[in-house]
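Reading through the C-alpha cells given below for one structure.
Chains as they are written, first to last, in the working numbering: chain A, 59 to 454; chain B, 508 to 815.
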C-alpha cells in the first residue's frame, strides 16, 4: 500500500449494514436472538451504505448531502473510524477531529479547561501541544473566565462554541462537521465558516454534512449526494447540489393534488414572447385554476431553488370566480442568475372568518433560466439564495 | 490494497451513478473480517497511553468535586465494609489467621487487597457504556476506558491505606518488615483485575442490563473472598511449593485473589516473606485472565460503536 499523505481520505467499496430487528443490547434480547440462531433462523440486516468510493486529497472540502436517513452520518462515523465498515476498506490518514453531535464529548462535570485537555488527548495531541493552542481556543469560543467553570453551567451556545473551537483549533488533518453550524447565533456561524476556510487553507481536509445547501456551496468544492444508501452523484459541489435540488423538486411535484374544492390545472413559465426565460428580462407565469365556488383569497407565487424556501414571493389577493379561470402574472425583470428554479404556489382564503389554506405550498412547475452565472462570495461566506442584480462599476 | 493512486485532477468531474447497478450484497472477497492482533493493539495502546491518565484524572476530579466528603470518600467504603464484616462475623471465633493477629487487622488488609479489584470492576464494568459520547468522537484504543478505571482504583486503594495505620495504632499491633513485599502482590493482582474488567465491560456492551448484576454480586464476592482465606490459611501457610496439591494449584489459577490475599496477610501481619509457589501459580492464573479478557474485548470491539 502506498503511503498516503496526512489528510487523505480513501474509501474503497465501503458497505455498512445494521441489524434490521429492533432488539436492544439487553441480556434477554441477546438470549432470544441466540435461540433464533440455534433454530437456524437468519438474522435480518439492512444496508445503510452501499458501495461508497471516495478519494479526497488533503486540503479538499467535501460535502455529503442527502435527505435524512440516506447514510450521511454513518459515512462520517466510518471516516472517523468509530465504527467499522461491514465490507470494503476505509483509510483516513492523520488526526481526525469530529464535530458530530452538539455537546458530544463535552463532559458536564469538568471545567471547560479540563474538557479542552481531555478532547485534545483523545485527538492524539500531547498536553504540551494543547497548552500551545489553549489561549486561541478560549478566545475563539468567547467563554472568557467561564473556562474554569464546570461545563454544566454553560449555556447551550457556550458549550457549542467551546466544542467547535476545540475541534477547529487542535488542527486535525481531517475535520468532520455534521450539521453543528445550524445552532448558534448568526454571527458565530459566520465566524465558524471563516475559521473553517482558514483551517482548510492550512491544509486540513474538511467533510461537511448539512441540509443547508447555501453553506455547502459556500464552503465545499466537492460534494457527494447519498440517496437510499447509494451514492447518486459525486463531483464539483455546485453541480451535485444542483442535481440534488432538481430531484427534491421532482419528488415534490408528484404530490400536487388538492381536494379542497379548488385545483390548479396548469402552470406554465415562459420568457418574453413565449421564448426562453432569461435573467433580467420579462417572465410570464400562467396558471389555470378550477374552483367549485367563487371565493375571495390570496394567490401566492414563490420562486425557489428546489427547497421550500423561495428566493422571493409575489402575491395577488382578489375575488376569484366560480369554474375555470386563467391567472397571469408578469414579472418585469427576472432577478435570478442562470440555474434551475421551481415555482411554488399556495392559495389562502378566509372560510367562516378563519384563514384556510385552499391549497398548500407546493412546487407546481420548474424552469431553466439563462443568463450570467451566480457570483460566489469570498471563500467562507455563504450566499443564501442567488439573485441577479445588474451593477454598474466605476473606478477613478 | 496495492493499486497506485493517481492524483486527482484540479476539479474532479461530475459522476452520476445508477443505484440499480449496485448489487444487493458486496462481493465476498471484500467483507470485513475482524482479526484483532493483540501485539499490535498493545503497541497502539502505548502510543496513546496518555489518554488513560487523562481519563483517570477526569474521573477522580469529577467524582471528588461532587462528593460532600471530598477525597475522604475514598476511605469510607473500606471502613463501612469493615464494620459490616465485623458485625457479621466479628463475634465468632475461627476467623483468626493465628499469630496473635487481631481479626480486625486481617479483615482490613483483606479489604484493601479486595478493594483494588472490587473498585476496578465496580467502575470499569460500565466504563464503555458510560463513555459512548467520547467513543463517538474519535478512534483510539477502547481499552483505555477500563484501564483508566484500574488506575483510578489504584489511587483509591492507596488512599485507603491510611486507615490501616490508624488501626495499627488502635490495636497496638505493628506491621512486619515483610510488608515491603506488598507492591509485588499488587503487581500480580493488576493483570487479573485488568483481564476481568476488560471481559466484563465488553460483555456489558452486548447486554447492558447485566450492569445491574454487578452491585449485587460484588459485595457477596467480597464477603466470600475476604473471609474464606481467613479460615484456610493455616493449612497451607508453611507448605513448600512441591507439596501444593493439584487442587490447590487449580484453585490458585482459577481464583488468583485467594493466594494474593493469603500472602499479603502473611507478609504484612505475620512476617512471612513471599511464598513463591503460591505466587507463581497466582501470576499464571492472573496472566491467563488478562490474555483471555483482552482477546474477548478485542473480538467484541467491532460492534461497540453500533451497540452503545
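Glycine residues also receive a C-beta, built at the ideal position from the N, C-alpha and C atoms.
Just so we're clear, the structure is a prediction, and the values are computed from it rather than from any experiment.
Nearest-angstrom Cα separation, counted from residue 179 (chain A) out to residue 185 (chain A): 7 Å
Suppose only complete runs of 3+ residues qualify. What are the beta strand (DSSP E) ranges in the segment 328-408 of chain A, listed by chain order? 341-349, 353-362, 368-378, 381-389
When A:261, A:444, A:86 are compared against residue 229 (chain A), the one with the closest alpha-carbon: A:261
Residues of its chain near residue 328 (chain A), where Cβ-Cβ distance is below 6 Å and the 5 sequence neighbours each way are ignored: 342
What does residue 286 (chain A) touch in chain B if you count any residue whose Cβ is under 7 Å from its own? 526
Which class does residue 197 (chain A) belong to by DSSP, given the choice of helix, strand or coil? helix
For chain A, is any of its Cβ atoms less than 9 Å away from the one on residue 615 (chain B)? no
Simplified DSSP assignment, three categories, for residue 451 (chain A): coil
Does DSSP put residue 260 (chain A) in a helix, in a strand, or in coil? coil
Residue closest to residue 87 (chain A), alpha-carbon to alpha-carbon, out of B:770, B:777, B:781, B:717: B:717
Starting from residue 713 (chain B), find everything on chain A with Cβ-Cβ shorter than 7 Å and list it in chain order. 83, 88
Taking DSSP as the reference, what is the three-state secondary structure of residue 287 (chain A)? coil
If you draw a straight line from the C-alpha of residue 679 (chain B) to the C-alpha of residue 726 (chain B), how long is it? 29 Å
Going by alpha carbons, who is nearest to residue 714 (chain B) out of A:140, A:84, A:208, A:427? A:84
Partners in chain B for residue 47 (chain A), counting only beta-carbon separations shorter than 9 Å: With chain A represented from 59 up to 454, any question about residue 47 (chain A) goes unanswered, as that position is not in the structure.
Could you tell me which of A:62, A:127, A:211 sits nearest to residue 104 (chain A), measuring between CA atoms? A:127
Beta-carbon contacts of residue 264 (chain A) that lie in its chain and below 6 Å, excluding the five residues immediately before and after: 119, 233, 258
contact_flag[the segment 769-780 of chain B, the segment 681-690 of chain B] where n(CB pairs < 8 Å) is 3 or more: yes
Please say whether residue 805 (chain B) and residue 158 (chain A) have beta carbons closer to each other than 9 Å? no
Compare the C-beta of residue 126 (chain A) against all C-beta atoms of chain B and say whether one is closer than 9 Å. no
Apply the 10 Å Cβ neighbour rule to residue 811 (chain B) and answer buried if 16 or more other Cβ atoms are within range, or exposed otherwise. buried
Kindly list, in the order they appear in chain A, the residues whose Cβ is closer than 8 Å to that of residue 557 (chain B). 179, 184, 185
According to DSSP, residues forming a beta bridge with residue 169 (chain A): A:208
Under a Cβ-count criterion, where at least 16 other Cβ atoms within 10 Å of its own Cβ denotes burial, should residue 536 (chain B) be classed as buried or exposed? exposed
With DSSP as the reference, identify every bridge partner of residue 119 (chain A), one or two as the case may be. A:264
Check whether the Cβ atoms of residue 729 (chain B) and residue 588 (chain B) sit closer than 9 Å, and answer yes or no. yes
Simplified DSSP assignment, three categories, for residue 647 (chain B): coil
C-alpha distance - residue 559 (chain B) paired with residue 652 (chain B), whole-angstrom precision: 7 Å
Taking a cut of 9 Å between CB atoms, which residues from the segment 563-589 of chain B lie near chain A? 564, 565, 568, 569, 570, 572, 573
Residues of chain A with CB under 7 Å from residue 537 (chain B), in chain order? 71, 145, 146
Check the Cβ of residue 522 (chain B) against every Cβ in chain A and list those closer than 9 Å, keeping chain order. 289, 291, 292, 293
For residue 719 (chain B), count neighbouring Cβ atoms within 10 angstroms of its own Cβ and tell me buried if that reaches 16, exposed if not. exposed
Outcome for residue 312 (chain A) when other beta-carbon atoms lying within 10 angstroms are tallied against a minimum of 16: With a pLDDT of 45 at residue 312 (chain A), under the threshold of 50, the modelled position of this residue cannot be trusted, and the question is left open.
What separation, rounded to the nearest whole angstrom, lies between the Cα atoms of residue 814 (chain B) and residue 546 (chain B)? 26 Å
Comparing alpha-carbon positions, which option in A:396, A:394, A:416, A:393 lies nearest residue 403 (chain A)? A:416
For the alpha helix (DSSP H) containing residue 94 (chain A), name the first residue and the last one. 85-96
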